[in-house]
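Below you'll find the structure, written out as structure tokens, and then a few comments.
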Amino acid sequence: MARPRVVDRIADCVLRDIHGGRWPPGTSIPAVRELAGAYGVSTRTAMAALKRAADEGLLRIRSRRPPIVLPNACRRAGELLAERASLVSTRRIAILVSDSHWPPPRNVFYAGLCETIVQEASRRHMQARPVLWPASQRLEVAKSLQHSGFAAAVFIGFSHSYLDAVYMLHERRFPLVIFNRPLPGLFVSTVTIDDYTAVRSLAEHLTSLGHRNMCLVMNPAHMYGGHAVRQGFPGGRSFGWMEYLNEQRLLDECSLPTHIPWPPGQPIYNRAFMKVWNSSERPTALVFGHSPYAREFLLDPRFAGLDVPGEISLASFESERTLPCVPHCPHMTTIDMDHQRVAQCMIEMVERNLSGKTDQPIIRTPMRISLTESIGAAPHPVATDSE
0 MARPRVVDRI ADCVLRDIHG GRWPPGTSIP AVRELAGAYG VSTRTAMAAL
50 KRAADEGLLR IRSRRPPIVL PNACRRAGEL LAERASLVST RRIAILVSDS
100 HWPPPRNVFY AGLCETIVQE ASRRHMQARP VLWPASQRLE VAKSLQHSGF
150 AAAVFIGFSH SYLDAVYMLH ERRFPLVIFN RPLPGLFVST VTIDDYTAVR
200 SLAEHLTSLG HRNMCLVMNP AHMYGGHAVR QGFPGGRSFG WMEYLNEQRL
250 LDECSLPTHI PWPPGQPIYN RAFMKVWNSS ERPTALVFGH SPYAREFLLD
300 PRFAGLDVPG EISLASFESE RTLPCVPHCP HMTTIDMDHQ RVAQCMIEMV
350 ERNLSGKTDQ PIIRTPMRIS LTESIGAAPH PVATDSE
């Protein structure tokens, strides 16, 4: 016998597909066996879900032929989804966290986001909790979500190794919202932080203070922006930074426009970085694209004698809470996301997905720049022995 709880969820999937226009009125839907494979359930469960849709006036069941979608089924499906959303007091939401970021408290960025999503879900009568999503078991976990009682999921800490699992959830019409990674060609609901605009604003502020030789220390994962922009998606911080320097004709004045720590696990401020640092062309401003890069810089004894901002201006993405207090640097200028706004947008997207509105544009949430005394006017050039 098909389990009622699973039938409920598959019936909702059928409603969302009809409401979303996957099967227009007058067309037939796939055969039961094909539908069961697409949703990842038994043929008995798929048949029970279709019978329910027929009882609700959406389909006409035909003997030995696929069911046909009735006129006004799209409108009726939308009404039913809205009714069910208002009747269900508590829906369970999985906050999928990749194993590289598990447990969330290990990473202040994701810990704060998880906590705020849980709070926002509770405020909207939902129940959200973090769920470990190991890359080695990504398909198994994805398949188990519906059977584990989850109505939807949000995914933080995306990497490309999860693409097949995300695609499978998308094909099964399981409501999914991804944090901060637009996927060109796969229209999964996405909420991003607008680090593109934020980094350009900071670069413009530094330029207004006379800085011409600036460097962004960036994570290789932040380099997706160029490909995304070509397909109409917003760029990230690395793309925004380089685009601004190019537009202002500053690239020729930057001795090291970007520094990418590579390979992972090796010293961030390596020999290549130090060769530029110890030259007469040292950057006058450093922007850290990831707070651990700022932390390592502040704790490195090679930089302990710096006068900040007299010799160099410093700023970092993410919260200042994890950065050490050191005597040679004031509180750091930071670019941080608005956790509350991001969580609010993600839960709102979940609600719209559950009500059948799956064709949603990417939401870009603004970031907050907190200016401090770690940024100042560009220092005057220091004459070298050869001058």
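In numbering that gives the first Met the number 0, the protein residues as written are 0 to 386. Cβ atoms here follow ideal geometry from the backbone N, Cα and C, with glycine treated the same way.
Can the beta-carbon of residue 15 be found less than 7 Å from the beta-carbon of residue 375? Position 16 of the sequence shown, counted from the first residue, corresponds to residue 15. Position 376 of the sequence shown, counted from the first residue, corresponds to residue 375. Cβ distance not < 7 Å, so residue 15 and residue 375 don't count as in contact.
Contact belief for residue 131 with residue 96 at Cβ below 8 Å, rounded distance in angstroms: Numbered from its first residue, the sequence shown carries residue 131 at position 132. Numbered from its first residue, the sequence shown carries residue 96 at position 97. Right, their Cβ atoms sit about 6 Å apart.
Going by the CB atoms, is the gap between residue 144 and residue 110 shorter than 7 Å? The count along the sequence shown starts at 1 and reaches residue 110 at position 111. The count along the sequence shown starts at 1 and reaches residue 144 at position 145. With contacts defined by Cβ atoms closer than 7 Å, residue 110 and residue 144 do not form a contacting pair.
Can you tell me which of 65, 377, 24, 40 puts its alpha carbon nearest to the alpha carbon of residue 6? Numbered from its first residue, the sequence shown carries residue 6 at position 7. Of the candidates 65, 377, 24, 40, the one whose C-alpha sits nearest the C-alpha of residue 6 is 40.
Is residue 185 buried or exposed, if buried means 16 or more other CB atoms sit within 10 Å of its CB? Residue 185 sits at position 186 when you count from the first residue of the sequence shown. Residue burial annotation: residue 185 is exposed, with fewer than 16 other C-beta atoms found within 10 angstroms of its C-beta.
Limits of the unbroken alpha helix (DSSP H) element including residue 291: The residue you call residue 291 lines up with position 292 of the sequence shown. Looking at the DSSP string, the run of the alpha helix (DSSP H) that includes residue 291 is 290 to 298.
Reducing DSSP to helix, strand and coil, say where residue 158 ends up. Locating residue 158 in the sequence shown gives position 159, where the first residue counts as 1. In the three-state DSSP reduction, residue 158 falls in the coil class, being neither helix nor strand.
Three-pair Cβ contact test at 8 Å for the stretch 287 to 303 versus the stretch 318 to 328: yes
Would you kindly work out how many angstroms separate the C-alpha atoms of residue 312 and residue 377, rounded to a whole number? One-based indexing of the sequence shown puts residue 312 at position 313. One-based indexing of the sequence shown puts residue 377 at position 378. Straight-line Cα distance between these residues: approximately 8 Å.
Per-residue burial, residue 352 [other beta carbons within 10 Å of its own, 16 or more giving buried]: Here the question's residue 352 lines up with position 353 in the sequence shown. Label assigned to residue 352: buried.
Should residue 26 go down as buried or exposed, given a rule of 16 or more other Cβ atoms within 10 Å for buried? Start at 1 with the first residue of the sequence shown, and residue 26 comes out as number 27. By the neighbour-count rule (16 or more Cβ atoms within 10 Å), residue 26 is not buried but exposed.
Boundaries (first-last residue) of the alpha helix (DSSP H) holding residue 331: For the purposes of this step, residue 331 is taken as the residue at position 332 of the sequence shown. From DSSP, residue 331 is part of no alpha helix (DSSP H); its letter is neither H nor E.
Euclidean distance between Cα positions of residue 384 and residue 278: Numbered from 1 along the sequence shown, position 385 holds the residue referred to as residue 384. Numbered from 1 along the sequence shown, position 279 holds the residue referred to as residue 278. Because the pLDDT at residue 384 is just 43, under 50, the model does not fix this residue reliably, and the point stays unresolved.
Would you call the stretch 323 to 342 and the stretch 115 to 134 touching, i.e. three or more CB-CB distances under 8 Å? These segments touch.
Could you compute how far the alpha carbon of residue 200 sits from the alpha carbon of residue 168? On the sequence shown, residue 200 is found 201 positions in, with the first residue counted as 1. On the sequence shown, residue 168 is found 169 positions in, with the first residue counted as 1. Between residue 200 and residue 168, the C-alpha separation is close to 37 Å.
Please work out which residues of its chain come closer than 8 Å, Cβ to Cβ, to residue 261, disregarding the five sequence neighbours upstream and downstream, and give them in chain order. The sequence position of residue 261 within the sequence shown is 262, counting from 1. Contacts found: 219.
Would you list the one or two residues that DSSP bridges to residue 132? Within the sequence shown, residue 132 is the residue found at index 133, counting from 1. Looking at the DSSP assignment, residue 132 forms a beta bridge with 97.
Measure the alpha-carbon distance for residue 99 versus residue 254 and round it to whole angstroms. Residue 99 sits at position 100 when you count from the first residue of the sequence shown. Residue 254 sits at position 255 when you count from the first residue of the sequence shown. Looking at the two C-alpha atoms, the distance is approximately 33 Å.
Can you give the Cα-Cα distance for residue 310 and residue 283, rounded to whole angstroms? Along the sequence shown, read from residue 1 onward, the residue named residue 310 stands at position 311. Along the sequence shown, read from residue 1 onward, the residue named residue 283 stands at position 284. Going by the C-alpha atoms only, they are around 7 Å apart.
Taking the Cβ atom as the reference point for each residue, do residue 286 and residue 208 lie within a distance shorter than 7 Å? As a position in the sequence shown, residue 286 is number 287, starting the count at 1. As a position in the sequence shown, residue 208 is number 209, starting the count at 1. Taking 7 Å as the Cβ cut-off, residue 286 and residue 208 do not qualify as a contacting pair.
Report yes if the C-beta distance between residue 137 and residue 164 is below 7 Å; otherwise report no. Stepping through the sequence shown from its first residue, residue 137 is reached at position 138. Stepping through the sequence shown from its first residue, residue 164 is reached at position 165. In contact: residue 137 and residue 164 (Cβ atoms closer than 7 Å).
I'd like the list of long-range same chain contacts for residue 180, defined as Cβ closer than 8 Å, with 5 residues on each side in sequence excluded. If you number the sequence shown from 1, residue 180 lands on position 181. These residues qualify, in order along the chain: 157, 189, 191, 223.
Where residue 187 and residue 74 are concerned, what is the direct C-alpha to C-alpha distance, given to the nearest angstrom? For the purposes of this step, residue 187 is identified with residue 188 of the sequence shown, where counting begins at 1. For the purposes of this step, residue 74 is identified with residue 75 of the sequence shown, where counting begins at 1. Whole-angstrom Cα-Cα distance: 23 Å.
The alpha helix (DSSP H) spanning residue 217 covers which residue range? Numbered from 1 along the sequence shown, position 218 holds the residue referred to as residue 217. Premise fails: residue 217 is in no alpha helix (DSSP H) and is neither H nor E.
Residue 228 versus residue 29 - alpha carbon distance: Translated into the one-based positions of the sequence shown, residue 228 becomes position 229. Translated into the one-based positions of the sequence shown, residue 29 becomes position 30. Confidence at residue 228 is low in this model, with a pLDDT of 49, below 50, so the placement of that residue is unreliable and no value is reported for it.
Can you name, in chain order, every residue of its own chain whose Cβ lies under 8 Å from the Cβ of residue 107, other than the five neighbours on each side? As a working note, residue 107 is residue 108 in the sequence shown. Excluding sequence neighbours, residue 107 sits near 290, 317, 318, 320, 321.
Nonlocal neighbours in the same chain, by C-beta distance under 7 Å from residue 45, ignoring five residues either side: For the purposes of this step, residue 45 is taken as the residue at position 46 of the sequence shown. 9, 31, 34, 35, 38, listed in sequence order.
Taking the Cβ atom as the reference point for each residue, do residue 332 and residue 303 lie within a distance shorter than 7 Å? Working through the sequence shown from its first residue, we reach residue 332 at position 333. Working through the sequence shown from its first residue, we reach residue 303 at position 304. No.
Identify every run of the alpha helix (DSSP H) within the stretch 245 to 296, keeping only runs that are complete inside it and at least 4 residues long; order them along the chain. 270 to 276
Paired residues, beta bridge with residue 362 - DSSP: The residue labelled residue 362 in the question sits at position 363 within the sequence shown. Its beta-bridge partners are 190.
Rounded C-alpha distance that separates residue 266 from residue 80: Translated into positions along the sequence shown, residue 266 becomes position 267. Translated into positions along the sequence shown, residue 80 becomes position 81. For residue 266 and residue 80, the distance between alpha carbons rounds to 53 Å.
Euclidean distance between Cα positions of residue 20 and residue 196: For the purposes of this step, residue 20 is taken as the residue at position 21 of the sequence shown. For the purposes of this step, residue 196 is taken as the residue at position 197 of the sequence shown. Rounded to whole angstroms, residue 20 to residue 196 spans 35 Å at the Cα level.
Please work out which residues of its chain come closer than 6 Å, Cβ to Cβ, to residue 140, disregarding the five sequence neighbours upstream and downstream, and give them in chain order. As a working mapping, residue 140 is identified with position 141 in the sequence shown. Excluding positions up to five away in sequence, the list reads 132.
Nearest residue (CA-CA) to residue 205, options 268, 127, 308: As a first step, residue 205 must be located in the sequence shown, where it is residue number 206. In terms of CA proximity to residue 205, 308 leads the group 268, 127, 308.
From 361, 368, 373, 366, pick the residue whose C-alpha is nearest to that of residue 182; which is it? Counting from one through the sequence shown, the residue named residue 182 turns up at place 183. Per the Cα distances, 361.
From residue 226 to residue 178, what distance separates their C-alpha atoms? Taking the first residue of the sequence shown as position 1, residue 226 is located at position 227. Taking the first residue of the sequence shown as position 1, residue 178 is located at position 179. With a pLDDT of 49 at residue 226, under the threshold of 50, the modelled position of that residue is not reliable, and the figure given next carries that caveat. Taking the straight line from one Cα to the other gives about 18 Å.
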